[in-house]
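A quick write-up on the structure given underneath.
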Amino acid sequence: MPRKSAFANIDLNVRESHEGYNLQTKCASPPGYASMLKQEATWTSTGMSASRPPALTRAKQDQLTAKRKSMAMSIAMKPGQQILMNAFMMYMSGNQLNIWSITITSSAVLSPLAGILSLDRTFGHLEQSSNTSSPGSNAEDILQMPKLLFIALNLVWLALGLYKMSTMRLLPITSADWTHRIVWKDMMETTSIPPDSMIL
399 MPRKSAFANI DLNVRESHEG YNLQTKCASP PGYASMLKQE ATWTSTGMSA
449 SRPPALTRAK QDQLTAKRKS MAMSIAMKPG QQILMNAFMM YMSGNQLNIW
499 SITITSSAVL SPLAGILSLD RTFGHLEQSS NTSSPGSNAE DILQMPKLLF
549 IALNLVWLAL GLYKMSTMRL LPITSADWTH RIVWKDMMET TSIPPDSMIL
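Count along the sequence shown starting at 1, add 398, and that's the number in my numbering.
Spelled out as structure tokens, the structure:
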């Protein structure tokens, strides 16, 4: 038969009947314990929840807003840092159709599209932190310019990839690419009589 294991329950709470209760009451409180009790009493008297700290001061909110703006601008400038690198790689790959040129061009077209579609997810953590730290501030006004810059840089990156595709003759931009849509006229009847202009 399998052996049963017994677990012992240990109660670490000191009660009045225990020997160390009087000794514990004589010990000094840990640093910051008294101020924490006083702060909790203040929150309780003012009707605030102890789990939620008081509102930040105006100066602190301005500092957090400026830091959030700088973080948003750094995120918005990331596509611009990759445009020059991808432009150089596309220039070095040439106009021939090979694995290297197709890979670089596909990355230049798909990456900005994926960045534009994931706009809310890219700036989502900044919006959540703004609503949490300062509920009164409007996060959309703070992130409006970084979002527009992010979209503009991705569109420039996409235009660069489309131009590379046009140089590789992968886009139907010439009239020869649409010859299959030309409707050829069929002759309904023929004649052996020459026109009047040919009669001497």
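Ideal Cβ positions, reconstructed from N, Cα and C, are used throughout, including at glycine.
Keep in mind that this is a model prediction, so the values were computed, not measured.
Cβ pair residue i, residue j closer than 8 angstroms
i    : j    : result
L524 : L551 : no
A506 : G430 : no
L547 : A474 : yes
A464 : F521 : no
Assumed close pair residue i, residue j - CB separation to whole angstroms, cut-off 8 angstroms
i    : j    : result
P510 : P477 : 7 angstroms
I502 : M487 : 5 angstroms
Inter-residue Cα distance where the pair is residue i and residue j
i    : j    : result
L569 : E587 : 40 angstroms
R567 : G513 : 26 angstroms
G492 : T572 : 20 angstroms
V581 : I549 : 41 angstroms
L410 : L421 : 15 angstroms
H578 : R519 : 43 angstroms
K467 : Q479 : 19 angstroms
A432 : L515 : 52 angstroms
P592 : K583 : 21 angstroms
Assigned exposure category for residue i - 16 Cβ within 10 Å defines buried
i    : result
S499 : buried
W555 : buried
R413 : exposed
K562 : buried
G418 : exposed
Residue i - DSSP class collapsed to helix/strand/coil
i    : result
G559 : helix
A448 : Confidence at A448 is low in this model, with a pLDDT of 47, below 50, so its placement is unreliable and no value can be given for it.
M566 : coil
R519 : helix
R413 : coil
A426 : coil
Neighbour flag for residue i against chain C, beta carbons, 8 angstroms
i    : result
L482 : The chain labelled as chain C is not found in the depicted structure, where only one protein chain is given.
Residue i CB to nearest heavy atom of the ligand GTP below 7 angstroms
i    : result
A512 : For the structure depicted, the ligand GTP is absent and the ligand set is empty, with no information on it obtainable.
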